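Novice: Everything in the sequence shown is counted per UniProt numbering, starting at 1 for the first residue and increasing by one.
For glycine and all other residues, C-beta sits at the position ideal for the given N, C-alpha and C.
The structure presented is a predicted model; accordingly, all values stated were derived computationally and were not measured.
Structure provided below as structure tokens; questions to follow.
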Amino acid sequence: MAKYKWSVGVLAEMPPDGKVGVDPVCVLGLNQNKGQKILLRLRTDDFLGFRKFLSIKKVIFHELSHNVHSEHDSKFYQLMRLIEKECNELDWTSSHGDRERRIHDAVRHLQVHYNADTIAKAVSLLHKIISNIITHPADAKFRSIKKANRLFEGQVARFPECLEFLLALGFEDQSDKFVLVREDPALLWIGRSTLEVLLSAAA
């Protein structure tokens, strides 16, 4: 995205209404106003799980191509194939790939070291923090967490795994606060989705 100077204001989940390939109007993704908002249909038609990551990636390539071309013409498909090729050639063992692994490791360690009741409030607050950022991407107040905040200090900061989770998402430890300095909507979505698995298990 940096290469093409593209930005996505909001990356959000599309409600799984209808059945793919069955209902007359049922899409897997939607790009609104050339990147202002991209919606992805992440859940399966039966609501029981999520679509395979590789298929979601292909939808992302498709929707990103709409940042440039509105119509599904030859130029559109040429750009989409180029995006897919460049993505497949990236070294996913560093940067984003490493951060995604750290996110999953932090959550897994929470599950291993603590029972669900102990970490319930921490997971819920982290989910709220990330959701606020995703919903209000341009609002700086949601990208900064004061360490002295009583809720954060009492519910999140006491778990090293929670702090590692925030750092993996792109937060930076700045003396008296944590600030999100990395622009990566996909990582935020991955982080929130990972927390939602914990929340659903505890429900």
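Across the stretch 144-153 and the stretch 181-195, are there enough close Cβ pairs to call them in contact, namely three or more that are closer than 8 Å?
Specialist: no
Novice: Could you check whether the stretch 161-179 touches the stretch 120-136, counting it as contact only if at least three pairs of C-beta atoms, one from each stretch, sit closer than 8 Å?
Specialist: yes
Novice: Have a look at the DSSP bridge pairing and note the partners of residue 50.
Specialist: Partner(s): 43.
Novice: What does the alpha-carbon distance come out to for the pair residue 49 and residue 43?
Specialist: 6 Å
Novice: Taking 8 Å as the threshold (C-beta atoms), are residue 169 and residue 119 in contact?
Specialist: no
Novice: Excluding five sequence neighbours on each side, which residues of the same chain lie with their C-beta closer than 7 Å to the C-beta of residue 188?
Specialist: 130, 133, 134, 169
Novice: Where does residue 78 sit, in a helix, a strand or coil, going by DSSP?
Specialist: helix
Novice: How far does the alpha helix (DSSP H) with residue 116 in it extend, from its first residue to its last?
Specialist: 116-135
Novice: What do you get for residue 183, buried or exposed, if any count of 16 or more other CB atoms within 10 angstroms of its CB means buried?
Specialist: exposed
Novice: Between the Cα of residue 60 and the Cα atoms of 69, 40, 46, 71, which residue gives the shortest distance?
Specialist: 40
Novice: Can the beta-carbon of residue 122 be found less than 8 Å from the beta-carbon of residue 156?
Specialist: A distance below 8 Å separates the beta carbons of residue 122 and residue 156.
Novice: So residue 174 is in the beta strand (DSSP E); what residue range does that whole segment cover?
Specialist: 171-174
Novice: Tell me the residue span of the alpha helix (DSSP H) that contains residue 151.
Specialist: For residue 151, the uninterrupted alpha helix (DSSP H) run begins and ends at 150-155, by DSSP.
Novice: For residue 64, I'd like the list of residues in its chain whose CB is within less than 7 Å of its CB, leaving aside the five on either flank, ordered along the chain.
Specialist: Residues 6, 83 of the same chain have their beta carbon placed closer than 7 Å to that of residue 64, with the five preceding and five following residues left out of the count.
Novice: Following the continuous beta strand (DSSP E) through residue 144, name the residue where it begins and the one where it ends.
Specialist: 144-146
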